[in-house]
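Asker: Numbering (the UniProt record's numbering), first residue to last: 1 to 1180. In this text, a Cβ means the ideal position worked out from N, Cα and C, and glycines have one as well.
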Amino acid sequence: MGPMRKDVLDKAAWAWVDSTEPDSVLPEHVLTAYRIQLPECRPGTCRRNCRGSPRCLSGLGEQRWNTEPSDESNSSYVDDPNIDRRDSGSFIGLKNLGATCYVNSLLQLWFHNLEFRKAIYEWDPLEDPAEREALEEDESKFPVTHVGHLQVLFANLQFSVRRYIDPSDFVHSLGLDTNQQQDAQEFSKLFISMLEDCLTSQTKPSVHDMISKNFRGEYQYVTKCSKCHTESTRPSNFYELDLSIQGHKTLGDSLAEFLHEEKLEGANRYHCAVCGDKQDATRCIRLKSLPPVLHLQLLRFVYDRSKGHKKKLNSFIQFPEVLDMSEFLGLAPGSKVYNVSAVLVHMGSSAYSGHYVAHIRDSVTGNWHKYNDESVENLEGKRLTLTSEDEASEVSSSKGKGRPQKCAKGFVSSKNAYMLVYTLATGKDDVNTPLNNQTSPKVNGVERHGIKSSALENEMNAWGLAKRLIDRVNEQNHKFEEWTTEENDKRETYKVQTQINRSEMLLLSGRLCVDSSEEFDFISTDWLSKCLHEGFGDDSRVGPINNSNALCPHGRVDPSRITSMKAISVGAADTLYKNFGGGPRLQYPQVLCHDCVVNKCTELRLKNKITSDGKEISNLLKYRMDETDPGYWVGKNTLKSWKSIVLRKLRPSSNADGAWKEESESKEENDKTENDQKEVKDQNSSEDEALEGTDESKPQNSRKRTKQQSRDSTRTPPHKRIHQDLPSQNGSLQENAVSSSHHNGFEDSSEKRKAAPVGKATMRVLPFTKYSSEAESDCKEDNPTSAEEIKEEKKEEEFADEGSHTLGFNDDAICDHGELNIDESSRRLVPPQIWAIFLSYFPHAKEFPRSSHVCCICQEKEHEGQVVKDTHRRVAQQQKERLNDMYLNKNRPNLDPASRKTRAINGTIQPVEGTEDFYIVSQEFVDRWRNFIGRRSEPPLGLLNEPLLCQHMRLLYNPASLEDSLKRLVLVWPSEWEALQSFYSVDHQLSGSRDLLTGDVTFSPVVCEECQESRREAQQAALCTYKRAKIFVRRVADETKVDSTQAMDTSGDPEFQVQSSAQTAAALSPSSDYSIRRSARSRKPRGDKELTVSSEQTLLELKVEIYKHFQVAPYDQHLTLDNRPLEGPENTLGSLNVYPRSVLLLRADEPSEDASIMDDYIKSSAPEEGFKGTGLLSSR
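1. If you follow the alpha helix (DSSP H) that residue 504 is in, where does it begin and where does it stop?
2. Taking all protein chains shown into account, do 16 or more other C-beta atoms lie within 10 angstroms of the C-beta of residue 100, making it buried, or fewer, making it exposed?
3. With a CB to CB cut of under 6 Å and the five nearest residues on each side skipped, what residues in its chain are close to residue 414?
4. Considering only C-alpha positions, which residue in the set 878, 965, 951 and 956 is nearest to residue 1182?
5. Under 9 Å, do residue 948 and residue 895 count as touching if we go by C-beta distance?
6. Let me make sure I understand the geometry here. Which of 241, 223 and 293 has the alpha-carbon closest to that of residue 263?
7. Go through its chain and collect everything with a Cβ distance to residue 325's Cβ below 8 Å, but skip five positions before and after it.
8. Where does residue 422 sit, in a helix, a strand or coil, going by DSSP?
9. Assign residue 463 to one of three DSSP states: helix, strand, or coil.
10. Does the Cβ of residue 419 have 16 or more other Cβ atoms within 10 Å, making it buried, or fewer, making it exposed?
11. Is the CB-CB distance between residue 360 and residue 533 below 9 Å?
12. Only counting the same chain, and skipping five residues up and downstream in sequence, which positions put a Cβ closer than 7 Å to that of residue 355?
13. Less than 7 Å between C-beta atoms, sequence neighbours within five positions excluded: which residues of the same chain meet that for residue 372?
14. Quick check on DSSP: helix, strand or coil for residue 228?
15. Please determine, among 1144, 507 and 1030, the residue with the shortest C-alpha to C-alpha distance to residue 1093.
16. Please report how far the alpha carbon of residue 992 lies from the alpha carbon of residue 956, in whole angstroms.
17. If we ignore side chains and look at the alpha-carbon of each, how far apart do residue 1005 and residue 950 end up?
18. Give a yes or no on contact between the region 608-618 and the region 570-584, applying the rule of three or more CB pairs nearer than 8 Å.
19. For the putative contact between residue 1008 and residue 1134, defined by C-beta atoms under 8 Å, what is the C-beta separation to the nearest angstrom?
20. Quick one, which of 20, 232, 274 and 352 has its alpha-carbon nearest residue 182's?
21. Once you ignore the five residues that flank residue 323 on each side, which residues in its own chain have a CB closer than 6 Å to its CB?
22. Are residue 1201 and residue 1089 closer than 9 Å when you measure CB to CB?
23. Counting Cβ pairs closer than 8 Å, one from the region 982-997 and one from the region 940-947, do we hit at least three?
24. Excluding the 5 residues preceding and the 5 following residue 378 in the sequence, name in chain order all residues of the same chain whose CB lies nearer than 7 Å to its CB.
25. Excluding the 5 residues preceding and the 5 following residue 317 in the sequence, name in chain order all residues of the same chain whose CB lies nearer than 8 Å to its CB.
26. Pick out whichever of 998, 964 and 535 has its Cα sitting closest to the Cα of residue 911.
27. If we ignore side chains and look at the alpha-carbon of each, how far apart do residue 529 and residue 592 end up?
28. If you compare alpha carbons, which of 40, 98, 624 and 964 is closest to residue 1015?
29. Compare the beta carbon distance of residue 33 and residue 559 with 9 Å and say whether it is the shorter of the two.
30. Anyone know if the C-beta pair for residue 520 and residue 587 falls short of 9 Å?
31. Could you pull out every residue in the same chain whose Cβ sits closer than 7 Å to the Cβ of residue 959, ignoring the five residues on either side in sequence?
32. Check whether the region 492-506 and the region 553-568 are in contact - that is, three or more C-beta pairs closer than 8 Å.
33. Sorted by chain position, which residues of the same chain lie with C-beta nearer than 6 Å to residue 742's C-beta, five sequence neighbours on each side aside?
34. Note the first and the last residue of the continuous alpha helix (DSSP H) segment covering residue 826.
35. How big is the Cα-Cα spacing for residue 363 and residue 1114?
36. Based on the DSSP secondary-structure assignment, which residues constitute the bridge partners of residue 295?
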């Protein structure tokens, strides 16, 4: 069945209020208010819990325990440790430590080379000086060298029982940064070279010569004289061949380019020892011998000189599964044949990021496996197949170079392969035989589950592992077995505990229900729901029972909070309090509060009456009163908030914040109350506007509240409702309401003004608890807000008003002297019928009939103020007449050196000689004076020029500077200065003189150059430090010459002017503010892109932002500011003097063919450290 609607239950609980006086409340009314008589909803009977019924025990979380849990769900909180166990016959992966996939792929490659692995196992630490010294000191210190760590890693990689192992010890021994991805090709070369050096101390040839025997080949640099045909050779060893793939489609093409002849001609001619002179010649590389394991490095990561960073070549290359190198050695075809045994792949389009995986052929079975860090995948078949993941591209190519070529049979095509490993064919099927007859094919992937330790040890002995190495492997395997046993025990324990917990919760759920004749306990719904979800287990996070939120001031259950409680049997309550503790315990019927029900009844009846009277007042206000109609003066704010004033009288402890408080209440409660006040203010906006429309001169326009406004409005908080006795008098609701104000310590509005301020009442406030948590829980219920609830919320909103917390009845119509306010706009006339209604609520309110006179004291003060205003008006007019040019800011002294005064003498124009005096006045004084003349403020107190002087009593600003003169000071003529002295007192006289012939200017006192320089430096520093400032970027053609001041099209906006960076610096400086009128709108120039930047942002970061708007890669961008190029990726915008609202011009090169190079450019800005400081270089 569906849940009972909360709004229906709420109405039913208090439906008896309309017909029952507060002093006539009976026990059956109390039971109805507490909803005791509602039918009980047993667990499982309702789809959702009935929020409005304390008797509904369904949908509280008990459903979890009704279904028998599966084994998997029983152990879901403890992971199965067997997922980390190695499967039968499988290989082991390597954990990625962050960015070490390139190391893992190469380690797997070397591990699966049986000769390499065998040599590492045979490496004797006693023949290594560092290891021998460590072993002599303490056996437990093994290993300490790179080879020692590699030996332990290989042993675990072969004989561990784990699905993957952790290579941390080996990686850290090399000093590698696990969070920085490095060049895999460089790592391979450095590690092989380092390993060869480390193995030179070994006496066994199979170990000492392992690197050279397996990986070393030889080629010659051959130079042949074109004249005498003499060949000069220089031999060189190699461990891998670096093949260029740029412009090639097959591996054969790359090999041919590697070995092709180069002509030495012209300036590059070769000096032939036989000919004794420089001759034309050819030079090439000639292969002499190839190793059994041939490593071919495909140079996918190349340095782009034009861009200044590395990039990856994502072009496809075809390579054969069987490679015949005979022709390159000058041998008969088929005499030197290699089979592909491994392919290392780099997935990703960038040279600075991506992921490395390895495809390796098992040298025993011939099957291919994919090694992807911890994951090892067995690929079907014995032929190499690169998966779609390995060849996935992050960036599609518009020119089609990312399309794979059709491959002939026996060829593989890849665009991500960066290393090919070929092994010399030794047999018909090219499958290596085991190293000795004692080893079985299981040496690479033995059955681990249930294998005896003795059999495992025999297998390790067959590979020749030293005892210390065997002990190390056994120790790791033993730790893993102990860990799996411990985890399995945890899973079993959890499973048993879950079953016990489920049984207890099922028993409790069945005991919650209350029989009709049985006593019961009230308990918090939130806590009970949490308990039914969590259960009784040791890991339960329920906490003690907390019923304090539902208590009324009398220590019983608040009837307004009964919807947050549930009625449970006494037996179930005993069990819960025994297991969890807490309280207080609320047992029926002692916890039912008759006083709170009476108070609630009084409040609801009063609200109903207020609502009815409010409608009558609204209807009466619609009619316009004639001049002869009797009436009474009422404040307009009182008309808006009288309902709240009535209810405030009903709530004795309500103060200026409108909340129940104790003196020791926490700041958190104060913040919550302030939020309530803001919500109350919002919800009254509609009513305020409606009342403003009821003025006598305007028709009333009532605004309807939208559905959303009603939802967002705040209902009267439960803790604001009355919680103390309000005795009724003669059974009259009116008299009861009036008497309640007397009992609550409230006086009428005329008396209250003489009393203590609001919020400082001396009566003791009853302690009360917070309801915020419950309010939140109500919002989380499943039941949606119904239309009835919204209607009820609207009704509650009518009793809240923004001015009701401090406003007394008709206070806004009464002046400070207790008489009628002289401001007629703050009050209005109401008919006697409305005044009669108000008197029923405020019987002691002072009456102001229509014929009442306003306050004579206030009238006298208003008259005095008008006299002062008239005096100021006459003074302002007098000063304006004498200083009209100064007021209009025209005919000002001109200090421009190019300006000359001339006069006509005998028909010729001649310059005027002599000097011209002027005086200097503070701009701040002039602004205040102009406001006074314009009747917008009081007159200035005096002419103060002290702000224009520095600490040395010199001029802080230069009057000859446009930057200073427009903001800080004003130049006046001597006649104007004389007039100003007659009107105002002057603290400092600042003057100057200008030579009319030469234009030279002198000041008294002089300008302080020291302070001027300090001020300019401070302004410059301030301009170069900003956050979230706006600049503009405009793209221009390469051949277009555009000044930055012309970059923005402002032809349609005469108010908007564009400035250069220098002008911008002046405009934004603290000492300058051009008087040119500017548009107040934030306007984006036409054709420009607006960017938000900070002064600490680098030029590279700015270019990345520009890339998002213009799709021009950073390396193709050329930015200029005031014809000055912006260069240096690491330079900040502040250091480049890019100020707010600067206009940058963008010129773009041709776009790059490969968009993935964008990532390379960004990452290449940081200097590459490579393997500097690691063990790969320090040992050499």
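Answerer: To lay it out plainly:
1. As a working note, residue 504 is residue 504 in the sequence shown. Per DSSP, residue 504 is one residue of the alpha helix (DSSP H) stretching across 467-511.
2. As a working note, residue 100 is residue 100 in the sequence shown. Residue 100 is buried by the Cβ-count criterion.
3. In the sequence shown, the residue the question calls residue 414 occupies position 414. Apart from sequence neighbours up to five positions away, the residues of its chain that approach residue 414 with a beta-carbon distance below 6 Å are 386, ordered along the chain.
4. Summary: the structure shown does not reach residue 1182, with the chain confined to residues 1 through 1180, and so no result is reported for it.
5. Here residue 948 refers to the residue found at position 948 of the sequence shown. Here residue 895 refers to the residue found at position 895 of the sequence shown. In this structure, residue 895 does not lie closer than 9 Å to residue 948 by Cβ.
6. One-based indexing of the sequence shown puts residue 263 at position 263. Put simply, of 241, 223 and 293 the residue whose alpha carbon is nearest the alpha carbon of residue 263 is 223.
7. Looking up residue 325 in the sequence shown gives position 325. Answer for residue 325: 287, 290, 294, 336, 337 and 338, listed in chain order.
8. As a first step, residue 422 is located in the sequence shown; it is residue number 422 there, counting from the start. It is a strand residue.
9. In the sequence shown, the residue the question calls residue 463 occupies position 463. When DSSP states are grouped into helix, strand and coil, residue 463 belongs to the coil group.
10. One-based indexing of the sequence shown puts residue 419 at position 419. Answer is buried; the Cβ neighbour count reaches 16.
11. Within the sequence shown, numbered from 1, the residue matching residue 360 stands at position 360. Within the sequence shown, numbered from 1, the residue matching residue 533 stands at position 533. No, these two residues do not count as a Cβ contact at 9 Å.
12. On the sequence shown, position 355 is the one that residue 355 refers to. Exclusion of the five residues before and after residue 355 leaves 101, 347 and 348 as the residues of its chain whose Cβ lies within less than 7 Å of its Cβ.
13. Along the sequence shown, read from residue 1 onward, the residue named residue 372 stands at position 372. Cβ-Cβ distances below 7 Å link residue 372 to 357 in the same chain, with the five nearest sequence neighbours on each side left out; the list follows chain order.
14. Residue numbering aside, residue 228 sits at position 228 when the sequence shown is read from its first letter. In the three-state reduction of the DSSP assignment, residue 228 falls in the coil class, being assigned neither a helical nor a strand state.
15. Start at 1 with the first residue of the sequence shown, and residue 1093 comes out as number 1093. Among 1144, 507 and 1030, the Cα nearest to that of residue 1093 belongs to 1030.
16. For this step, residue 992 is matched to residue 992 along the sequence shown. For this step, residue 956 is matched to residue 956 along the sequence shown. The straight-line gap from Cα to Cα measures roughly 14 Å.
17. By 1-based counting over the sequence shown, the position of residue 1005 is 1005. By 1-based counting over the sequence shown, the position of residue 950 is 950. Spanning the two alpha carbons is a distance of roughly 11 Å.
18. The region 608-618 vs the region 570-584: no contact.
19. Translated into positions along the sequence shown, residue 1008 becomes position 1008. Translated into positions along the sequence shown, residue 1134 becomes position 1134. 28 Å between Cβ atoms; not a contact.
20. The residue you call residue 182 lines up with position 182 of the sequence shown. It is 352 whose Cα lies nearest to the Cα of residue 182.
21. In the sequence shown, counting from the first residue as 1, residue 323 sits at position 323. The residues are 338 and 422.
22. Because the chain spans 1 through 1180 in this model, residue 1201 falls outside it and cannot be assessed.
23. Between the region 982-997 and the region 940-947 there are three or more inter-stretch CB-CB distances shorter than 8 Å, so the stretches are counted as touching.
24. Position 378 of the sequence shown, counting from 1, holds the residue named residue 378. Hits under 7 Å: 367 and 369.
25. What you label residue 317 is simply residue 317 of the sequence shown in a count that begins at 1. Scanning its chain for C-beta atoms nearer than 8 Å, with the 5 sequence neighbours on each side dropped, one finds around residue 317 the residues 245, 248, 249, 250, 251, 254, 298, 413, 414, 415 and 417, in chain order.
26. Locating residue 911 in the sequence shown gives position 911, where the first residue counts as 1. For the residues 998, 964 and 535, the minimum Cα distance to residue 911 belongs to 998.
27. Indexing the sequence shown from 1 puts residue 529 at position 529. Indexing the sequence shown from 1 puts residue 592 at position 592. Answer to the nearest angstrom: the Cα atoms are 23 Å apart.
28. Working through the sequence shown from its first residue, we reach residue 1015 at position 1015. Per the Cα distances, 964.
29. Residue 33 sits at position 33 when you count from the first residue of the sequence shown. Residue 559 sits at position 559 when you count from the first residue of the sequence shown. Cβ atoms of residue 33 and residue 559: closer than 9 Å.
30. On the sequence shown, residue 520 is found 520 positions in, with the first residue counted as 1. On the sequence shown, residue 587 is found 587 positions in, with the first residue counted as 1. In this structure, residue 520 places its C-beta atom within 9 Å of the C-beta atom of residue 587.
31. Here the question's residue 959 lines up with position 959 in the sequence shown. Answer for residue 959: 895, 920, 965, 969, 971, 992 and 1003, listed in chain order.
32. Judged by Cβ distances under 8 Å, the region 492-506 makes no contact with the region 553-568, as fewer than three pairs qualify.
33. Position 742 of the sequence shown, counted from the start, is the residue given in the question as residue 742. Only weak support is given to the placement of residue 742: the predicted model assigns it a pLDDT of 34, under 50, and the value that follows is read from those uncertain coordinates. Nothing listed; no residue qualifies.
34. Within the sequence shown, numbered from 1, the residue matching residue 826 stands at position 826. Element bounds for residue 826: n/a, residue is neither H nor E.
35. Position 363 of the sequence shown, counted from the first residue, corresponds to residue 363. Position 1114 of the sequence shown, counted from the first residue, corresponds to residue 1114. If you draw a straight line from the Cα of residue 363 to the Cα of residue 1114, it comes to about 48 Å.
36. Counted from its first residue, the sequence shown places residue 295 at position 295. In DSSP, residue 295 forms a bridge with 421.
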